[in-house]
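Residue numbers (this note's numbering): 280 to 602. From the three backbone atoms N, C-alpha and C, an ideal C-beta is built for every residue, glycine too. Bear in mind that the values here come from a model prediction, so they are computed numbers and not experimental data. Structure first, commentary second.
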């Protein structure tokens, strides 16, 4: 006769649809439930994304096989299991079993269920919070700068229009072609400055939204870059074919990706240090529970443009999106 232990019963209940499970599944905080042997009996979706594993794969795994830090995580968990005192740690750097690392705040609490003890481990990733705050700050600074540039651009374009109009009227009155050449220079320079202002201010164009396969975007860029580089740079593709269609403006997305790829091309060809085998990789992946702007999405598509160049100068990286 098979005996169902409290540990098994709790795991079954957590994997059964109910209000408590629904609440856990929708938390942005990573929650890991461990038995007395520090083996995983449940992780919520936020923990799956943070630890880069699944509830099924991690079930009954020793936590030390997922998080490799003995001093920072294993010893405190054993202490919590022994004495029952909740442990809280801030800004801890943890190493995952795939050798990547993360900075987290975490707490560990002992809980009792049907006379058996468990540990509830809660982790809040700080890297992600920092990146969100940094992106919000950059967006805010960019919008402020763009507002100033647009206001200044408007003030410049008004007199430029008057100068251009006056030059045209003057050209109509001039008898000599040589003199008209001077007015043509005034008109051409006025047009050039207006074009420059339009580029700096990013004149708004309503997106033509449609359903798009993101690999169609990358294939268009791939073919353009292959023609431009003519074999001087290796261009590789690493696609996830399971990514569903997205909604966007095909032309604007192609231009955005092409701009980034061309930046990578310039980094490889203009580097002070010669790069023996220059390469650019176009990669697509799905990411669970990712924040874009201020909104959390359960699933997003991620496009990566990876090159083996020198990287971006740390002194300018915060300002690369400014006009």
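### Message
So within the segment 289-344, which uninterrupted alpha helix (DSSP H) runs reach at least 4 residues, ignoring any that extend past its ends?
### Response
298-304, 324-330, 334-337
### Query
Cβ atoms of residue 584 and residue 543: under 8 Å apart, would you say?
If you number the chain shown from 1, residue 543 lands on position 264. If you number the chain shown from 1, residue 584 lands on position 305. Yes; because the gap between Cβ atoms is below 8 Å, this pair is in contact.
### Message
Only counting the same chain, and skipping five residues up and downstream in sequence, which positions put a Cβ closer than 8 Å to that of residue 403?
### Response
Taking the first residue of the chain shown as 1, we reach residue 403 at position 124. Result list for residue 403: 308, 309, 383, 384, 385, in chain order.
### Message
Judging by CA-CA distance, which residue of 517, 473, 516 is the nearest neighbour of residue 429?
### Response
Stepping through the chain shown from its first residue, residue 429 is reached at position 150. Ranking 517, 473, 516 by Cα distance to residue 429 puts 473 first.
#### Entry: Residues near residue 592 by beta carbon distance below 8 Å, same chain, minus five either side
Your numbering for residue 592 matches position 313 in the chain shown. Counting only residues of its own chain and dropping the five nearest sequence neighbours on each side, residue 592 has no CB closer than 8 Å to any other CB.
### Query
Exposed or buried, what is residue 280 when buried is set at 16 or more other beta-carbons lying within 10 Å of its beta-carbon?
Mapped onto the chain shown, residue 280 falls at position 1. The predicted position of residue 280 is uncertain, since its pLDDT is 49 and thus under 50; no value can be drawn from it.
### Query
Under a three-way DSSP split, which group does residue 347 fall into?
Walking along the chain shown from the start, residue 347 turns up at place 68. Residue state, collapsed to three classes: coil.
### Task
Determine the DSSP secondary structure at residue 531, reduced to helix, strand or coil.
If you number the chain shown from 1, residue 531 lands on position 252. Three-state DSSP puts residue 531 in a helix.
### Message
Spatial neighbours of residue 369 within its chain, please: C-beta separation below 8 Å, excluding the five flanking residues on both sides.
### Response
Residue numbering aside, residue 369 sits at position 90 when the chain shown is read from its first letter. Excluding residues within five positions, the ones whose Cβ falls inside 8 Å are 384.
### Message
Tell me the DSSP secondary structure of residue 487 in three-state form.
### Response
Here residue 487 refers to the residue found at position 208 when the chain shown is read from its first residue. Of the three classes helix, strand and coil, the one that applies to residue 487 here is coil, per DSSP.
### Query
residue 302 to residue 568, Cα distance in whole Å?
Within the chain shown, the letter at position 23 stands for residue 302. Within the chain shown, the letter at position 289 stands for residue 568. Cα to Cα, the separation comes out at about 15 Å.
### Task
In the DSSP assignment, find the beta strand (DSSP E) that holds residue 514 and state where it starts and stops.
Taking the chain shown and counting its residues from 1, the one referred to as residue 514 is at position 235. Start and end: 513-517.
### Query
So, helix, strand or coil for residue 553, using DSSP?
Locating residue 553 in the chain shown gives position 274, where the first residue counts as 1. It is coil, neither helix nor strand.
#### Entry: C-alpha gap between residue 490 and residue 577, whole angstroms
Here residue 490 corresponds to residue number 211 of the chain shown, with the count starting at 1. Here residue 577 corresponds to residue number 298 of the chain shown, with the count starting at 1. Whole-angstrom Cα-Cα distance: 19 Å.
### Task
Find the nearest neighbour of residue 372 within the set 327, 388, 347, 363, judged by alpha-carbon distance.
As a first step, residue 372 is located in the chain shown; it is residue number 93 there, counting from the start. Taking only the C-alpha atoms, the option nearest residue 372 is 347.
### Task
Starting from residue 479, trace the alpha helix (DSSP H) both ways and give me its first and last residue.
Position 200 of the chain shown holds residue 479. Counting along the chain, the alpha helix (DSSP H) containing residue 479 begins and ends at 456-480.
### Query
According to DSSP, what are the bridge partners of residue 399?
Position 120 of the chain shown holds residue 399. Answer is 312, 388.
### Query
With DSSP run on the structure shown, which of helix, strand or coil describes residue 365?
The residue you call residue 365 lines up with position 86 of the chain shown. In this structure, residue 365 counts as coil in the three-state DSSP scheme.
### Query
What residue from 548, 535, 498 has the CA that sits closest to residue 508's CA?
Here residue 508 refers to the residue found at position 229 of the chain shown. Out of 548, 535, 498, 548 has the C-alpha closest to the C-alpha of residue 508.
### Message
Rounded to the nearest angstrom, what separates residue 439 and residue 558 at their Cα positions?
### Response
As a position in the chain shown, residue 439 is number 160, starting the count at 1. As a position in the chain shown, residue 558 is number 279, starting the count at 1. Cα to Cα, the separation comes out at about 45 Å.
#### Entry: Nearest-angstrom Cα separation, counted from residue 527 out to residue 488
In the chain shown, counting from the first residue as 1, residue 488 sits at position 209. In the chain shown, counting from the first residue as 1, residue 527 sits at position 248. Cα-Cα distance, rounded: 5 Å.
### Task
Kindly give me the distance between the Cβ atoms of residue 536 and residue 466, rounded to whole angstroms, as I take these residues to be in contact under 8 Å.
Stepping through the chain shown from its first residue, residue 536 is reached at position 257. Stepping through the chain shown from its first residue, residue 466 is reached at position 187. The pair is not a contact, with the Cβ atoms about 36 Å apart (cut-off 8 Å).
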